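In the numbering used here, the protein residues as written are 2 to 635. Every residue, glycine too, gets a C-beta built ideally from N, C-alpha and C. Remember, predicted model here, so these are calculated numbers, not experimental data.
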Amino acid sequence: MERVGTYTFVMSTHTKDQSTLDPTAALNDRFCAAIRAVAPDLPEDQVLAHIGPSRQPKLGDFQSNCAMPIAKRVGMKPRDFASKIVEAIDVSGIAHPLSEESIAGPGFINVSLLPEALSTALDAMDSDQLGIAPPTERKTIVVDVCGVNLAKQMHVGHLRSTVIGDAIARVQERLGHAVTRQSHVGDWGLPIAMVVEQLSVMEDEGTDVSKVSLAELNAIYKKVQAKCKAESRALALIKKVGGHVKAEIELNERIADANAAMERAKARLVALQSGDERSVRLWQIIYDTTMTACLHTCDRLHANITDEHSAGESTYRDELAPLVQDLIDRGIAVEDDGALVVQCEGIKEPTIIRKRDGGFLYATTDLAAIKRRVGKLGGDEIVYCVDSRQGLHFKQVFAAAHKAGYDKTADGKDAVLVHAMFGTILGEDNKPLKSRSGENLNLSELLDEAVTRASASVAEKNPDMPASERDPISEAVAMAAVKYADLSTERIKDYVFSFDRMLAFEGDTGPYLLYAIARIKNLLRKATDKGVDTDAAKTAEFSLDEPTERAMALTILRYPSMLKATGENHEPHRLCGYLFELASLIAKFYEQCPVLKDGVDDSTRDGRMRLSMIALRVLEDGCDTLGIPTVDRM
Ligand code: ARG
2 MERVGTYTFV MSTHTKDQST LDPTAALNDR FCAAIRAVAP DLPEDQVLAH
52 IGPSRQPKLG DFQSNCAMPI AKRVGMKPRD FASKIVEAID VSGIAHPLSE
102 ESIAGPGFIN VSLLPEALST ALDAMDSDQL GIAPPTERKT IVVDVCGVNL
152 AKQMHVGHLR STVIGDAIAR VQERLGHAVT RQSHVGDWGL PIAMVVEQLS
202 VMEDEGTDVS KVSLAELNAI YKKVQAKCKA ESRALALIKK VGGHVKAEIE
252 LNERIADANA AMERAKARLV ALQSGDERSV RLWQIIYDTT MTACLHTCDR
302 LHANITDEHS AGESTYRDEL APLVQDLIDR GIAVEDDGAL VVQCEGIKEP
352 TIIRKRDGGF LYATTDLAAI KRRVGKLGGD EIVYCVDSRQ GLHFKQVFAA
402 AHKAGYDKTA DGKDAVLVHA MFGTILGEDN KPLKSRSGEN LNLSELLDEA
452 VTRASASVAE KNPDMPASER DPISEAVAMA AVKYADLSTE RIKDYVFSFD
502 RMLAFEGDTG PYLLYAIARI KNLLRKATDK GVDTDAAKTA EFSLDEPTER
552 AMALTILRYP SMLKATGENH EPHRLCGYLF ELASLIAKFY EQCPVLKDGV
602 DDSTRDGRMR LSMIALRVLE DGCDTLGIPT VDRM
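Written as structure tokens, this is what we have:
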């Protein structure tokens, strides 16, 4: 969609179930119907109404620019085509009738809404549902979120899978679908076995490993990873260019050590896989320690991701061998140089599902996951909110699952498999965001810093606010800032992480949204203090005479179709852009349309209060749908 002024051009043709409450959408439908009548041979994808705000507000609220591009295609002059349209169109109930006078310049068609069209539509939207009708077809949607790895602290990469994943799920819930979140925790395989092995050594040495912290586990993880990495390439190089005999001997020893460590890890994996009691007990410690910290961070981020959503790789362990056997039996998996692969049309790289040494892979587990998500969880659609760098993996897994029929739903349809991928968070240097020492940035430390910074801003704005009141506000402002920054850029794109930008109270930021909400709440509190009956205002006539009031009304009415558009391609940034637009309009509204000032008559005051109240509900509903916390004052 192209944004112009305060409205959004509706470029696409609306489907029939589009909320007809929204005059923009309704006008679009009427124009499309007229275009079809005037140019019946025009292909459907060219039936575009091009409705936007009027360039000359005295001529109308909207204009349709459909005549110029279409007239050319059907061999007419734009003005003549426009004449045919105004003759054919039926705008009853929405706008004043159109005539030759509605046409301006080369063929712009101006439309003035009926005064009651706005208030009737707003009235109808003024309910808990805010005009969002239940879906015509209720789907079960499984959303793959978070997906942390054991023994590792959540790093900044998991911010996106958690925040965007949860928002994607919330949007579908709000649209009325049944949603199941699944966190595909990396809790199985050789790397984890390495850590289990190390814990067993520590326990043998007398350490109480049940008290190990996640930071310690993280350190152990790195240490054992390094230990198991044989430096064979360095050795080959020394041999080739010639080096000190001593260096060669030392390196040889290190490699022998690494090989031995690797052998022990492999043996530990076998023990773990066969349910060895001690291995499982140690694994459980790692699992609990990691997940307690992870779920705490999810909670802090206001992401609705809890224990019940964890479906780690380990939960598929008994399903992998039968699944692979099934693929062999049906000739879908074939041997390739000792490994077992599934070859899929259009994808060069075969999907490896069993290594030469018999081990299963990431792809094998993901195949089992699709089977469970479609078969057991009843998913009509599975959405993976995972880094774009895993693009090939999902392409392969989706194709292999389809080839095997694991994506068949109970009613025989193919489940929709979507990789809702996201880009990388970059540092100010435009490289992937890392800590100063070059490591992955620890997420909870990052959030702590956001809170410290937010707290300073809140204190600056409210010097008299006691800390007990300031702290929860700072926490919410910080989370809103971090989340909004992550959600408001198109998810496919990389973005530069900047505390200064995301925490600013002005501009396209989370705090700006929160401020708009707090501002309306403040107005309502002031009204009550002044003895105004705010309950009566809830049913007052809307005040819609001023252009800003009308712009507010039109923007509010777009909410249901905006939410739907956000859900269509799982693009939370659309809803963010809309909420920012509404928040900006609210600022303008309060500049131009006083509410509680002396001299404003009671009915205008109440009408403006009602407009404020419904704007507030849309903002709050929108924030809630994105998982952005809000505050009463800031
Ligand atoms: N644990 C994986 C990682 O950190 C993410 C899991 C994504 N989900 C999936 N079904 N593969 O890269």
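- Counting only residues of its own chain and dropping the five nearest sequence neighbours on each side, residue 320 has a CB closer than 7 angstroms to the CB of 369.
- Per DSSP, the continuous beta strand (DSSP E) segment holding residue 53 begins and ends at 52 to 54.
- Measuring C-alpha to C-alpha distances from residue 226 to each of 253, 191, 257 and 208 identifies 191 as the nearest.
- Residue 570 sits in coil when the DSSP states are folded into three classes, being neither helix nor strand.
- Contact between residue 306 and residue 184 holds, since their C-beta atoms are separated by about 6 angstroms, short of 8 angstroms.
- Going by beta carbons, residue 31 and residue 87 fall outside the 7 angstroms limit.
- Boundaries around residue 183 are those of the beta strand (DSSP E), 179 to 184, since no alpha helix (DSSP H) includes it.
- When the Cα atoms are used, residue 51 and residue 109 turn out to be separated by approximately 10 angstroms.
- For residue 111, the enclosing beta strand (DSSP E) starts and ends at 109 to 112.
- The straight-line gap separating the alpha-carbon atoms of residue 463 and residue 635 is approximately 8 angstroms.
- Within the chosen limit of 6 angstroms, the ligand ARG reaches the beta carbon of residue 145 through at least one heavy atom.
- Here residue 383 carries a strand assignment [DSSP, helix/strand/coil].
- Annotation for residue 38: the continuous alpha helix (DSSP H) segment containing it runs 24 to 39.
- The beta carbon of residue 167 sits closer than 7 angstroms to those of 146, 304, 305, 306 and 628, all from its chain and outside the five residues before and after it, given in chain order.
- Taking all protein chains shown into account, residue 572 has 16 or more neighbouring C-beta atoms within 10 Å of its C-beta and is therefore buried.
- Taken atom to atom, the span from the alpha-carbon of residue 340 to that of residue 365 is near 13 angstroms.
- Contact check for residue 527 against residue 597 passes: the beta carbons are separated by less than 7 angstroms.
- Distances taken from the Cβ of residue 367 to the heavy atoms of the ligand ARG include one shorter than 6 angstroms.
- A residue is called buried once 16 or more other Cβ atoms fall within 10 Å of its Cβ, and residue 243, having fewer, is exposed.
- DSSP lists 341 as the beta-bridge partner residues of residue 336.
- Here the distance from the Cβ of residue 166 to the nearest heavy atom of the ligand ARG is not below 6 angstroms.
- Taken through DSSP and simplified to helix, strand or coil, residue 441 comes out as strand.
- The closest heavy atom of the ligand ARG lies 6 angstroms or more from the beta carbon of residue 608.
- Residue 65: member of the beta strand (DSSP E) spanning 63 to 65, first to last residue.
- At a cut-off of 6 angstroms, the beta-carbon of residue 185 counts as near the ligand ARG: some heavy atom of the ligand is closer than that.
- Annotation: residue 289 to residue 623 spans about 34 angstroms, alpha carbon to alpha carbon.
- When the beta-carbon positions are compared, residue 163 and residue 380 stay at least 7 angstroms from each other.
- Put simply, of 106, 107, 116 and 82 the residue whose alpha carbon is nearest the alpha carbon of residue 98 is 116.
- DSSP, reduced to helix, strand and coil, places residue 150 within a strand of the structure shown.
- At a cut-off of 6 angstroms, the beta-carbon of residue 392 does not count as near the ligand ARG: no heavy atom of the ligand is closer than that.
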